[in-house]
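Let me begin by presenting the structure, written as structure tokens, before commenting on it.
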Amino acid sequence: MKFDRTTRFATGIATAIVALALVPPCVMAGAPAEPNDAEDLLYFAKDRLIILRMHVRVDGKSFEAIWDEYVDGVLKDLDKDGDGTLSNQEQLQLPKRNEFLQAGLIVRTSGSTNRPTPADRNRDGKVTRKELGEYFRGMGLQPFSTRLSNPQSNRNVRTVNGRRQQAQGAELFGHLDTNDDGKLSVDEFKLAMKSLHKSDLDDDETISLAELQPLQNPYLALRASGQSNQTQRPSFTTLSAVGSARQLVSQLLTRYDTATVAGADGKAAKDGNLSRKELGFEQESFQPFDADENGTLDFDEMMQFVRRPSPAVEFIVRLGKREPNEKRVGIVSSAKELQAGIRATTGGLVTVILGETQIEIGVNQQWYQGNQEATYKARFAAADTDNNAYLEKKEVERNGFFRNTFALMDRDGDGKVFEEEVLAFAKRISAAASSGTVLNVSNAGRNLFEILDLNRDRRLGRRELTAAVERMELWDADGDKHVAESELPTHFRLTLGRTQVGGVGVIRASPNGVSYPTTSAASNGGRPLWFQKMDRNQDGDISRREFVGPRKKFEALDKNNDDLIDLGEAALAK
41 MKFDRTTRFA TGIATAIVAL ALVPPCVMAG APAEPNDAED LLYFAKDRLI
91 ILRMHVRVDG KSFEAIWDEY VDGVLKDLDK DGDGTLSNQE QLQLPKRNEF
141 LQAGLIVRTS GSTNRPTPAD RNRDGKVTRK ELGEYFRGMG LQPFSTRLSN
191 PQSNRNVRTV NGRRQQAQGA ELFGHLDTND DGKLSVDEFK LAMKSLHKSD
241 LDDDETISLA ELQPLQNPYL ALRASGQSNQ TQRPSFTTLS AVGSARQLVS
291 QLLTRYDTAT VAGADGKAAK DGNLSRKELG FEQESFQPFD ADENGTLDFD
341 EMMQFVRRPS PAVEFIVRLG KREPNEKRVG IVSSAKELQA GIRATTGGLV
391 TVILGETQIE IGVNQQWYQG NQEATYKARF AAADTDNNAY LEKKEVERNG
441 FFRNTFALMD RDGDGKVFEE EVLAFAKRIS AAASSGTVLN VSNAGRNLFE
491 ILDLNRDRRL GRRELTAAVE RMELWDADGD KHVAESELPT HFRLTLGRTQ
541 VGGVGVIRAS PNGVSYPTTS AASNGGRPLW FQKMDRNQDG DISRREFVGP
591 RKKFEALDKN NDDLIDLGEA ALAK
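Residues 41 to 614, numbered by our numbering, are exactly what the sequence shown covers, in order.
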């Protein structure tokens, strides 16, 4: 069956979508030039499947090209005889999966078994370029990986108009609702920093979850949530993570096949087909796949669909370097019949509104690698307590970093680790980390705190509270210029970035087992030294209070007059 690429299966969701706006011209972006920069993200809505196609560019190249460059680089470095393959001796220097894991590099792909793959798969004594790529993929070092997380707490909730709302979000709502009318206005959002000032116990101009609920231990709820979330089916997956078209069709049947027939034992059983209604398709989207025109898609017909799915929305994400006129996130196309609101909002985000669900797409630039050589040198010097220019096992017994990585750094097995071995290790790990692109899919549920916490650092800063003024328009379902708790959407955030290694830009594990990029001083790559020192609360901005200098100088640096100096404005300082 031939699939018409212009047909958009998503026409079926038109009747269930709140139409807030057409795609504004300023959000549109040019069509992607490279064929291998796309990754399809599947959103399993309650009553239909929605596909979002991501075109991901890294420094102007596709994410696949960046990963290919890494594999090519490893082959070139280890291929001492220049024959284009790795001999048995040359293979001994290949990075090991355990090396990446112990170094803090997150390489696990959602849905992947991560079973180690031998480098020389056909055992002919040589590793080809193809085998080398399969070796890295087999250990979990993928060009594109996905991390999924669910709402932060399922136990600590209250009910609002028959709908569950997490307590920390309700607590924040109450603080902001200064007139106690059960709604938040634009003015109340504008005064958010002032309203929350009394909760800022450490006076750092941010409001943490602990400060919002000072008498509650948030880690207890988070641990409980981590246990309960393990049984929940994820709302998102990528085609590459599913593993095969057959597996995906099986998942679709499990989720959406509701029609029943009489089984052999006389009991009702699912019919094993998907109708247009079950999929949420319009007739023109459904018909191209219904080869026998019986009104349902059987397994084989569904296989044809999932092999060449038609996205509801295509967007492009640019990581790293880009042209001045290029947006970090832009919409490439969306189905004409798709009556969805798509908005470009503060901070380079794009928001897609699908009824009571909102999907926010953004970039985390803090995931980018900085120069780690200086950091590793400093760590080596601090660990070398006897100043003999090398480390021994007994010397690092109380040093968690070197204790866990000593054997990996000691490649010649002489029981000593010299500085050049440490730097070689850092280079291997950094190169591997830089090769990968990560999509973090976080589900904030209907928790106002989680929805406002754009950088996922478990606290709210001035910039995030200011951005809420613009974002609240997306939540005002009845158009009364106010947001009630019952209007808060189920909120998903898709954040794309690059993987990082432990030590600089470390990806740390939170109490519920979900990983978030740190915003600590450790991830200050690219920030001027004066910016790092003034940014005392490490929120990525310098406020008037933090700025050490004349008021006129602050105002000169604050180009957009938002009372904050961001990294872009700091870069313009002379």
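In this text, a Cβ means the ideal position worked out from N, Cα and C, and glycines have one as well.
{"Asked": "Classification of H237 by the beta-carbon crowding that lies within 10 angstroms, buried from 16 upward", "Found": "exposed"}
{"Asked": "Secondary structure of A309, DSSP reduced to three states", "Found": "strand"}
{"Asked": "Residue burial classification, K367 (beta-carbon count within 10 angstroms, cutoff 16)", "Found": "buried"}
{"Asked": "Selection from R348, K592, V523 that minimises the alpha carbon distance to V226", "Found": "V523"}
{"Asked": "C-alpha gap between A85 and L536, whole angstroms", "Found": "21 Å"}
{"Asked": "Paired residues, beta bridge with D80 - DSSP", "Found": "R93"}
{"Asked": "Cα-Cα separation, L494 to L319", "Found": "32 Å"}
{"Asked": "N- and C-terminal bounds of the beta strand (DSSP E) containing K5", "Found": "Within the shown structure, residues of the chain are numbered from 41 to 614, placing residue 5 beyond reach of any answer."}
{"Asked": "Straight-line gap, R548 to A472 (C-alpha atoms, nearest Å)", "Found": "With a pLDDT of 34 at R548, under the threshold of 50, the predicted position of this residue should be treated as unreliable, though the coordinate-derived value follows. In a straight line, the C-alpha of R548 is about 18 Å away from that of A472."}
{"Asked": "For F442, three-class secondary structure by DSSP", "Found": "helix"}
{"Asked": "Segment limits, alpha helix (DSSP H) that includes T294", "Found": "285-296"}
{"Asked": "Rounded straight-line distance, which links the Cα of S127 to that of G165", "Found": "6 Å"}
{"Asked": "Residues that DSSP places opposite V98 in a beta bridge", "Found": "K101, L359"}
{"Asked": "G642 versus D243 - alpha carbon distance", "Found": "In this structure the chain extends from 41 to 614, so residue 642 is not present and cannot be described."}
{"Asked": "Counted within 10 angstroms of its Cβ, other Cβ atoms place T271 as buried (16 or more) or exposed", "Found": "For T271, the pLDDT reaches just 47, beneath the cut-off of 50, and the residue's location in the model is therefore unreliable, leaving the point undetermined."}
{"Asked": "Secondary structure of R533, DSSP reduced to three states", "Found": "strand"}
{"Asked": "With 16 other Cβ atoms within 10 Å as the buried cut-off, status of R263", "Found": "Note on R263: pLDDT 42, under 50, position unreliable in the model; the coordinate value appears next. So R263 ends up on the exposed side."}
{"Asked": "Backbone secondary structure at R137 - three-state DSSP", "Found": "helix"}
{"Asked": "Close beta carbons around L132, own chain, < 6 Å, minus the five adjacent residues each side", "Found": "none"}
{"Asked": "Of the listed residues L394, R498, L500, nearest to V353 (C-alpha basis)", "Found": "L394"}
{"Asked": "Inter-residue Cα distance where the pair is R203 and S526", "Found": "Residue placement at R203 is flagged as unreliable, the pLDDT there being 43, under the threshold of 50; a coordinate-derived value is accordingly withheld."}
{"Asked": "Best match in D305, G312, A308 for proximity to D297 [C-alpha to C-alpha]", "Found": "G312"}
{"Asked": "Through-space distance from I382 to V372, alpha-carbon basis", "Found": "12 Å"}
{"Asked": "R161 beta carbon less than 9 Å from that of D112", "Found": "no"}
{"Asked": "C-alpha gap between Y416 and L569, whole angstroms", "Found": "19 Å"}
{"Asked": "Any non-hydrogen atom of the ligand FMN closer than 8 Å to V96 Cβ", "Found": "No copy of the ligand FMN appears in this structure; indeed no ligand is present at all."}
{"Asked": "Minimum C-alpha distance to R97 - residue among H215, V357, P351", "Found": "V357"}
{"Asked": "For R567 and E139, the rounded distance between their alpha carbons", "Found": "29 Å"}
{"Asked": "Which of helix, strand or coil DSSP assigns to N404", "Found": "coil"}
{"Asked": "Spatial neighbours of M574 in its chain, beta-carbon cut-off 8 Å, leaving aside the 5 residues before and after", "Found": "I582, E586, F587, V588"}
{"Asked": "A302 - DSSP class collapsed to helix/strand/coil", "Found": "strand"}
{"Asked": "Whether L505 touches F489 by CB criterion (9 Å)", "Found": "no"}
{"Asked": "Validate contact between the region 298-309 and the region 506-514 using beta carbons, cut 8 Å, 3 pairs", "Found": "no"}
{"Asked": "Limits of the unbroken beta strand (DSSP E) element including K456", "Found": "456-458"}
{"Asked": "D22 and P349 closer than 9 Å at C-beta", "Found": "One cannot answer for residue 22 here, as it falls past the ends of the chain, which runs 41 to 614."}
{"Asked": "CA-to-CA distance, L463 to E413, given in whole angstroms", "Found": "6 Å"}
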